[in-house]
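Engineer: I am attaching a structure below and will ask some questions about it afterwards.
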Amino acid sequence: MSTRVLIADDHPLFRSALVQALRSCLADAEILQARDLPETFACLEQQEDLDLVLLDLHMPGNHGLTGLASIRCRYPSVAVVVVSANEDPQVIRRALDHGAAGFIPKSSGLDELTHALNVVLDCREYVPHHLARTVAGMTDDQGDRRLARRMASLTPQQFRVLEMVADGRLNKQIADELDIQERTVKAHMSEIFHKLDVRNRTQAGIAFRRLELVDPASRV
């Protein structure tokens, strides 16, 4: 069975480079493409047996680590590799802590892209050689690691509810959009508060917003 890969990036030229790199290491790979986060989730919902997602951190609909955390929560069997122009070691460390299988800089040439994909498809973690030592030697941010573990403990439905709470929606609005009863939303909220160790909706929203990077306006 051929490997199935989803490229989620809003830059056509970079998507083309990734396609070329994938063809170099997996000639028979089935490659899908998405231009924003909604398209990414549409593909994931329709193609349940995807093997790998190559995810741009700041394409439309995605802000920092929110897309990564959401994919890892909803589709834990799918490996996700971050592709970004932001080579800040702290960003890379946080992405790995939140479940990324690797990090590929957008500055990578075709040979490096191909090598990175081979490493990840061999079920190993990839970080560029010139950044690996710095990333590995960074002092752990215990608060962020705890947040990553707590986010990972949420069910897919709970994560969707949390996203909507962070977006300022009320319980009735959430219930209508998810086609569930309002009391079910309240039950999800109780579980979210417990799992994230927060007391109210405001604190839950703040926890979710911590997934956003410092400069979400930059195109990375």
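Numbering (the working numbering), first residue to last: 92 to 311. All residues carry an ideal CB built from backbone N, CA and C; glycine is no exception.
Reducing DSSP to helix, strand and coil, say where Val144 ends up.
Structural biologist: For Val144, the secondary structure class from DSSP, reduced to helix, strand or coil, is strand.
Engineer: Which same chain residues, not among the five before or five after Pro151, have their C-beta less than 8 Å away from its C-beta?
Structural biologist: Asp101, Arg126, Asp127, Leu128
Engineer: Using a Cβ-Cβ cutoff of less than 7 Å, which residues in the same chain neighbour Leu287 once the five nearest sequence positions on both sides are dropped?
Structural biologist: Arg241, Ala295, Ala298
Engineer: Could you tell me which whole alpha helix (DSSP H) segments of length 4 or greater appear in the region 158-208?
Structural biologist: 180-188
Engineer: Under the assumption that Thr225 contacts Pro180 (Cβ atoms under 8 Å), give the Cβ distance between them as a whole number of angstroms.
Structural biologist: 5 Å
Engineer: Under DSSP, the alpha helix (DSSP H) around Val298 begins and ends at which residues?
Structural biologist: Note on identity: in this sequence residue 298 is Ala, with Val being the wrong assignment. Going by DSSP, Ala298 is part of the alpha helix (DSSP H) stretching over 292-300.
Engineer: Tell me the rounded alpha-carbon separation between Ser93 and Glu203.
Structural biologist: Going by the C-alpha atoms only, they are around 22 Å apart.
Engineer: Grab me the residues of Arg51's own chain with a C-beta within less than 6 Å of its C-beta, minus the 5 sequence neighbours each way, in chain order.
Structural biologist: Summary: the structure shown does not reach residue 51, with the chain confined to residues 92 through 311, and so no result is reported for it.
Engineer: So, at 8 Å on beta carbons, what are the nonlocal neighbours of Ala266 in its own chain, with the 5 sequence-adjacent residues on each side left out?
Structural biologist: Gln272, Glu273, Thr275, Val276
Engineer: Can you have a look at His189 and say buried or exposed, based on whether 16 or more other CB atoms are within 10 angstroms of its CB?
Structural biologist: buried
Engineer: Looking at the unbroken alpha helix (DSSP H) that takes in Ala108, where does it start and where does it end?
Structural biologist: 103-116
Engineer: Quick one: what's got a C-beta closer than 8 Å to Ala121's C-beta in the same chain, skipping five residues either side?
Structural biologist: It should be pointed out that residue 121 corresponds to Glu in this sequence rather than to Ala. Result list for Glu121: Ser93, Thr94, Arg95, Val96, in chain order.
Engineer: How long is the line joining the alpha carbons of Val138 and Thr246, rounded to whole angstroms?
Structural biologist: The identity of residue 138 in the sequence shown is Gln, whereas the question assumes Val. Distance between the alpha carbons of Gln138 and Thr246: 20 Å.
Engineer: So, using beta-carbon positions, are Ile162 and Gln124 closer together than 8 Å?
Structural biologist: Note that the C-beta distance between Ile162 and Gln124 is not below 8 Å.
Engineer: Taking 8 Å as the threshold (C-beta atoms), are Val169 and Gly193 in contact?
Structural biologist: no
Engineer: Closest to Val211 by C-alpha separation, out of Leu104, Leu117, Arg106, Ala160, would be which residue?
Structural biologist: Leu117
Engineer: What does a CB cutoff of less than 8 Å around Ser198 pick up in its chain, not counting 5 residues either side in sequence?
Structural biologist: Ala176, Glu178
Engineer: Suppose contacts are defined by Cβ-Cβ distances below 8 Å. Is Pro196 in contact with Pro219 by that definition?
Structural biologist: yes
Engineer: Could you tell me how far apart the beta carbons of Leu302 and Leu156 are, in whole angstroms, since I believe they sit closer than 8 Å?
Structural biologist: 4 Å
Engineer: What does DSSP give as the partner residue(s) for Leu97 in the beta ladder?
Structural biologist: Leu123, Val144
Engineer: By alpha-carbon positions, which one of Leu143, Leu159, Val110 ends up nearest to His149?
Structural biologist: Among Leu143, Leu159, Val110, the Cα nearest to that of His149 belongs to Leu159.
Engineer: Where does His221 land, buried or exposed, given buried means 16+ other C-beta within 10 angstroms?
Structural biologist: Around the CB of His221, fewer than 16 other CB atoms lie within 10 Å, so the residue is classed as exposed.
Engineer: What residue does the alpha helix (DSSP H) around Asn262 start on, and which one ends it?
Structural biologist: Looking at the DSSP string, the run of the alpha helix (DSSP H) that includes Asn262 is 262-269.
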